[in-house]
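Below is one structure, written out as structure tokens; comments come after it.
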Amino acid sequence: MRIVHSVAEFRALRPSLGHLAFVPTMGNLHAGHISLVKAAREHTDQIAASIFVNRLQFGPCEDFERYPRTLDEDAAQLEDAGVGVLFAPDEQEMYPSPQRYHVEPPIEQVSILEGEFRAGHFRGVATVVMKLLQIVQPDIALFGKKDYQQLMVLRNMVSQFAMPIQVVGCETVRAEDGLALSSRNGYLSADERKRAPQLNAELRKIRTAVLDGHRDFEGLQESAAARLDSAGWQTEYVRICRRADLQPGNAAAAEEARVVLAAARLGTTRLIDNLEI
Ligand code: PAF
């Protein structure tokens, strides 16, 4: 695997890479990221990945500084999984001067769910992903459904800017106890790690209830949040939404495709999860 740190070097290499799939990451990789690389292999044998911890998508009180930087271990995993080129720019290379142009996603997509609690987050994600896509120029880009709202925003961005890129959403990878894999799970204490699967368990209860015909969505959301809070979580949201645009699910619509999404803090760690219904 070739590791490329500069935009100029990636550009020079790009014509030799042919039909290219791209897996952007912030590093500190786990089986979820590797599953994206495996999914990429179903589309092409030329795979690029990137590792860049993007300051723009972190709020002032978020974990940018403590986000684990584990380039050597990450590179070894990517190489084993079949990545041919790793783009790993430093901050100076990605943002040689303060980034003054931004991709501003539509307000209705980013004022809800994650956007309610992480102002500016999706602007930061969309801006860096736009920049990465301009540099890497992939034919296919793969993102995990774990960040469901991010996937929706990025799909929409690629479509609205008529970028010739196929966006592929990949299933969330979970630990045996149901906890969605996330780089942030590493922040959990041993006790919190034992309790963390409750978030997924609550989503599964809601999915079962909706599939069984329960139509009091507000009641289902509120009782899941109450159970989490009384178990020591600080719940930010539990919402049943329409899959297409993540607007509130319409309990009366028989054929609506839905997803239930949640975010909650356990100690100082903020976890998110979702389940398609
Ligand atoms: O999902 C992530 O890891 C990040 O948000 C991404 C897409 C790599 C942009 O920094």
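Residue numbers (the working numbering): 1 to 277.
Yeah, the Cβ is synthetic: ideal placement off N, Cα and C, and Gly gets one too.
Measure the beta-carbon distance from residue i to residue j and round it to whole angstroms, keeping in mind my assumption that it falls under 8 Å.
{"i": "Phe52", "j": "Pro98", "result": "With 8 Å as the limit, Phe52 and Pro98 do not qualify as a contact, their Cβ atoms being about 16 Å apart."}
{"i": "Leu36", "j": "Gly144", "result": "6 Å"}
{"i": "Thr70", "j": "Gly27", "result": "6 Å"}
{"i": "Leu29", "j": "Ala48", "result": "Between Ala48 and Leu29 the Cβ distance is about 15 Å, and since that is not below 8 Å, they are no contact."}
{"i": "Ile277", "j": "Ala263", "result": "Actually they are not in contact, since the Cβ atoms of Ile277 and Ala263 sit about 18 Å apart, beyond 8 Å."}
{"i": "Leu203", "j": "Met163", "result": "Not really, about 32 Å apart at Cβ, beyond 8 Å."}
{"i": "Leu266", "j": "Glu192", "result": "5 Å"}
{"i": "Leu17", "j": "Val85", "result": "7 Å"}
{"i": "Met296", "j": "Leu13", "result": "The first residue shown for the chain is 1 and the last is 277, placing residue 296 beyond what the model contains."}
{"i": "Pro68", "j": "Ser183", "result": "7 Å"}
{"i": "Arg66", "j": "Glu91", "result": "Not quite, the Cβ-Cβ distance comes to about 16 Å (not below 8 Å), so this is no contact."}
{"i": "Met3", "j": "Ala76", "result": "A quick correction: the sequence has Ile, not Met, at residue 3. About 11 Å; that fails the 8 Å criterion."}
Give me the DSSP bridge partner(s) of residue i.
{"i": "Leu275", "result": "Val260"}
{"i": "Val53", "result": "According to DSSP, Val53 bridges with nothing at all."}
{"i": "Val85", "result": "Arg2 and Ala48"}
{"i": "Val23", "result": "Ala49"}
{"i": "Ala141", "result": "Phe22 and Val167"}
{"i": "Ser242", "result": "A small correction: the amino acid at residue 242 is Arg; Ser does not occupy that position in the sequence shown. DSSP lists Arg258 as partners of Arg242."}
{"i": "Pro248", "result": "Cys241"}
{"i": "Leu113", "result": "For Leu113, which the question treats as bridged, DSSP gives no partner whatsoever."}
{"i": "Leu266", "result": "Thr269"}
{"i": "Thr208", "result": "According to DSSP, Thr208 bridges with nothing at all."}
{"i": "Gln234", "result": "Arg265"}
When the distance is taken between beta carbons, is residue j closer than 7 Å to residue i?
{"i": "Ala196", "j": "Leu188", "result": "yes"}
{"i": "Val136", "j": "Phe22", "result": "yes"}
{"i": "Asn298", "j": "Leu261", "result": "Only positions 1 to 277 of the chain appear in the structure, and residue 298 is not among them; the question remains open."}
{"i": "Arg118", "j": "Gly59", "result": "yes"}
{"i": "Glu108", "j": "Ser6", "result": "no"}
{"i": "Arg242", "j": "Glu256", "result": "yes"}
{"i": "Thr127", "j": "Val110", "result": "no"}
{"i": "Ala209", "j": "Leu220", "result": "yes"}
{"i": "Met1", "j": "Glu79", "result": "yes"}
{"i": "Phe122", "j": "Phe10", "result": "no"}
{"i": "Ala39", "j": "Cys170", "result": "yes"}
{"i": "Val173", "j": "Val167", "result": "no"}
{"i": "Gln149", "j": "Leu181", "result": "no"}
{"i": "Gln57", "j": "Val125", "result": "yes"}
{"i": "Val238", "j": "Ala225", "result": "yes"}
{"i": "Arg227", "j": "Ile240", "result": "no"}
{"i": "Ala190", "j": "Ile165", "result": "no"}
Query raised in the report: At what residue ranges does the segment 144-203 contain a whole run of the alpha helix (DSSP H), taking only runs of 4 or more?
Result: 148-160 and 190-195
**Report entry** Around the ligand PAF, Cβ to any heavy atom closer than 6 Å, ordered along the chain
**Finding:** Pro24, Thr25, Met26, Asn54, Gln57, Val125, Val128, Val129, Asp147 and Gln150
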